[in-house]
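Participant:
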Amino acid sequence: MGMIAFPKPTARKVIRLAGALALAALLAGCQSGDEYVAFGPKHLREVRPAIKAKFTELKMDARSPILIRIFKEESTLEVWKQNREGRFALLETFEICKWSGELGPKVKEGDRQAPEGFYEITPGLMNPNSSYHLAFNMGFPNAYDRSHNRTGTHLMVHGACSSRGCYAMTDPQIEDIYALARDSFKGGQRSFQVQAFPFRMTAENMARHNDSPHMDFWRMLKVGYDHFEVTKQTPKIDVCEKQYVFNATPLMANVPFRATAQCPAYEVPQAIRVAVEAKQKKDAEAFQVAMANIREEAEREQRAKERAAMIAAIVNPKFGSDDKPEEAAQDAPAEPATAEAPAGAPAAPGSTGGVFASLFASKPAQTPVAAEQAPGQPAETVASTAAATPPASPAAADVTATAFAPEAQAAEQKPGFFKRWLSFGSSEEEDATPPQVDLTTVATAPKVKP
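Under mature numbering (1 follows the signal peptide of the UniProt record, and there is no 0), the letters of the sequence shown match residues -24 to -1, 1 to 426, in that order.
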């Protein structure tokens, strides 16, 4: 019996085999870490290995139930997954690519608002054939929304990073989220809950948004937020009297909750109720502290604005004046004629210092001038010298500061912003008629002998 002869591999076949092995190695490398590339139908792809690795770390089964929380202001979507102890733990945090509208609930079709509230996602709401890669419908409007006559359709969490009232993710993100939801349904979860909040419901954030018209609605959402925070269990959601109620059980059997009807008598498990009340008490104290800090910051900002206005008024006296530009120009004091100072008389300090010098420099003592006529001195010179002598009374001293302004114009001048803040030379103090200075006489008077 002869041996069967096998054909020897040709060089071409060897090259093909080597290329196939190299490609397999390359694909294996691509499927590790953040460079993972998935293959196959998009709705059947597995979650990334990086997420799978967390199952072991967090003691989770691949098909255990999930829960999703959304925070608009933080642009964050969280996927929580039940561990083997029956509590939910944070598995993965995704950055929302886009969400439309503003903080606040969706009210009507076409307002482009993304929903806020509590929604149950069943397998029938999953869409593997979405025009936005993959998607699941949020189930808007729910019982609460319908009780308030809110309208809207096709509100989704989907891929393609494009939003018109939805929460849009990137395609790789929605593949992971979709796979986690799909596997939880395979594990027996009949629906998973989506909790959509305007922001993380902390005391500080509640204080920061305290003036919002949506605050009553958000306080109600915070109760459900607190139930999950203290239990790490999916809260049971019902609606009665057009309000959400959480983890409530009617005291009478066969008496259901109806969204628009009066709430039946119900109870919340004591352990949950006590834990929620303790959290809310702590949050209320933190809220008061946060509000006090906000008020203090607002007062600091107001004081800073007032100081800035005062400085601006000093630098520019016309700043904030009630006078019109034409009136301000007319009210400006006339430039005094240059007069020859008596020999030996000290120069007035601050004469070139501007407004700041007049504000902060102390006035020097005035050099007394004899009122009596010196021997050999002309009478008109004595008169002009006496007129320039500072008056003895304080009121007259204030008048001297404005002696070079025309008398009639100074009397009619309306005090502007600058004079209201800096009251020197005010008109109330000018009870006496200011002495007229004969500029011509002063300019031509002979020098006073020392």
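Quick reminder that beta carbons are idealized off the backbone N, C-alpha and C, glycines included.
Can you name the residues that DSSP bridges to G93?
Facilitator: For G93, which the question treats as bridged, DSSP gives the partners A172.
Participant: Which residues mark the beginning and the end of the beta strand (DSSP E) in which V55 is found?
Facilitator: 52 to 58
Participant: Could you check the C-alpha separation between L66 and Y242 for me, to the nearest Å?
Facilitator: Across the structure, L66 and Y242 are spaced so that their CA atoms are roughly 31 Å apart.
Participant: Mind checking V170: buried by the 16 CB within 10 Å criterion, or exposed?
Facilitator: buried
Participant: Would you check if the distance between the CB atom of S51 and the CB atom of I97 is smaller than 8 Å?
Facilitator: no
Participant: Looking only at C-alpha atoms, which of R158, T210, V250, M267 sits nearest to V186?
Facilitator: As written in the sequence, residue 186 is Asn, which differs from the Val given in the question. For N186, the nearest C-alpha among the options comes from M267.
Participant: Of the choices N230, R60, G93, whose alpha-carbon is the least far from that of residue 485?
Facilitator: Missing from the structure shown is residue 485; the chain here goes from -24 to 426 and no further.
Participant: Using DSSP with H/G/I as helix, E/B as strand and the rest coil, what is A317?
Facilitator: Here the model assigns A317 a pLDDT of 45, short of 50, so the residue's position is not dependable, and the following value carries that caveat. Of the three classes helix, strand and coil, the one that applies to A317 here is coil, per DSSP.
Participant: Just confirm the distance between the C-beta atoms of L79 and P174, as a whole number of angstroms; I'd bet it's less than 8 Å.
Facilitator: 4 Å
Participant: Can you tell me which of R60, A237, R21 puts its alpha carbon nearest to the alpha carbon of K218?
Facilitator: A check of alpha carbon separations from K218 across R60, A237, R21 identifies A237 as the nearest.
Participant: Are three or more beta carbon pairs between the segment 111 to 122 and the segment 25 to 40 nearer than 8 Å?
Facilitator: no
Participant: Which residues share a DSSP beta bridge with residue 429?
Facilitator: Lying outside -24 to 426, the shown extent of the chain, residue 429 is not represented and no answer is given.
Participant: Are there three or more Cβ pairs, one per stretch, closer than 8 Å when the segment 242 to 257 is compared with the segment 222 to 233?
Facilitator: yes
Participant: Between the beta-carbon of L43 and the beta-carbon of F70, is there less than 8 Å?
Facilitator: no
Participant: Report the rounded CA-to-CA distance for A289 versus E275, giving the unit in angstroms.
Facilitator: 21 Å
Participant: Less than 6 Å between C-beta atoms, sequence neighbours within five positions excluded: which residues of the same chain meet that for D147?
Facilitator: H109, G135
Participant: Under a Cβ-count criterion, where at least 16 other Cβ atoms within 10 Å of its own Cβ denotes burial, should V250 be classed as buried or exposed?
Facilitator: By the neighbour-count rule (16 or more Cβ atoms within 10 Å), V250 is not buried but exposed.
Participant: Rounded to a whole number of angstroms, what is the C-alpha to C-alpha distance between S188 and K255?
Facilitator: 23 Å
Participant: Quick one: Cα of R271 to Cα of N59, how far?
Facilitator: 43 Å
Participant: A172 and A262 look like a contact to me (Cβ under 8 Å); what is the Cβ gap, rounded to whole Å?
Facilitator: The pair is not a contact, with the Cβ atoms about 24 Å apart (cut-off 8 Å).
Participant: What are the residues that DSSP puts in a beta bridge with P41?
Facilitator: According to DSSP, P41 bridges with nothing at all.
Participant: Between E277 and M286, what straight-line distance do the alpha-carbon atoms span, to the nearest angstrom?
Facilitator: 14 Å
Participant: How about F222 and P81: are their beta carbons less than 8 Å apart?
Facilitator: no
Participant: So what's Y120 in DSSP terms, helix, strand or just coil?
Facilitator: helix
Participant: Just to check my reading of the structure: S76 and R140 have Cβ atoms closer than 8 Å, yes? What is that Cβ distance to the nearest angstrom?
Facilitator: 6 Å
Participant: Would you give the residue range spanned by the alpha helix (DSSP H) that H203 belongs to?
Facilitator: Unbroken alpha helix (DSSP H) run through H203: 191 to 207.
Participant: Taking just the CA atoms, how far does Y95 sit from R279?
Facilitator: 47 Å
Participant: Could you spell out where the alpha helix (DSSP H) holding A111 opens and where it closes?
Facilitator: Per DSSP, A111 belongs to no alpha helix (DSSP H); it is in the beta strand (DSSP E), 111 to 113.
Participant: With 16 other CB atoms within 10 Å as the buried threshold, where does G164 fall?
Facilitator: Answer is exposed; the Cβ neighbour count stays below 16.
Participant: Alpha carbon to alpha carbon, how far is A157 from L20? Give it in angstroms, no decimals.
Facilitator: 11 Å
Participant: Check the C-beta distance from Y120 over to Y201 and give it rounded, since I have them as a contact under 8 Å.
Facilitator: That pair is no contact at about 15 Å.
Participant: Would you mind stating whether C142 and C73 have Cβ atoms separated by less than 8 Å?
Facilitator: no
Participant: Suppose the cutoff is 6 Å on Cβ atoms and the five residues either side in sequence are ignored; what does the same chain contact list for T210 look like?
Facilitator: L43, Q169
Participant: Indicate the three-state DSSP secondary structure (helix, strand or coil) for T343 in the structure shown.
Facilitator: A caution first: T343 carries a pLDDT of 45, below 50, which makes its placement in the model too unreliable to give a value.
Participant: Let me confirm a value: M191 is counted as buried when at least 16 other C-beta atoms fall within 10 Å, else exposed. Which label applies?
Facilitator: With fewer than 16 other beta carbons inside 10 angstroms of its own, M191 counts as exposed.
Participant: As a quick exercise: from T207, R234, L197, pick the residue whose alpha carbon is nearest that of V215.
Facilitator: R234
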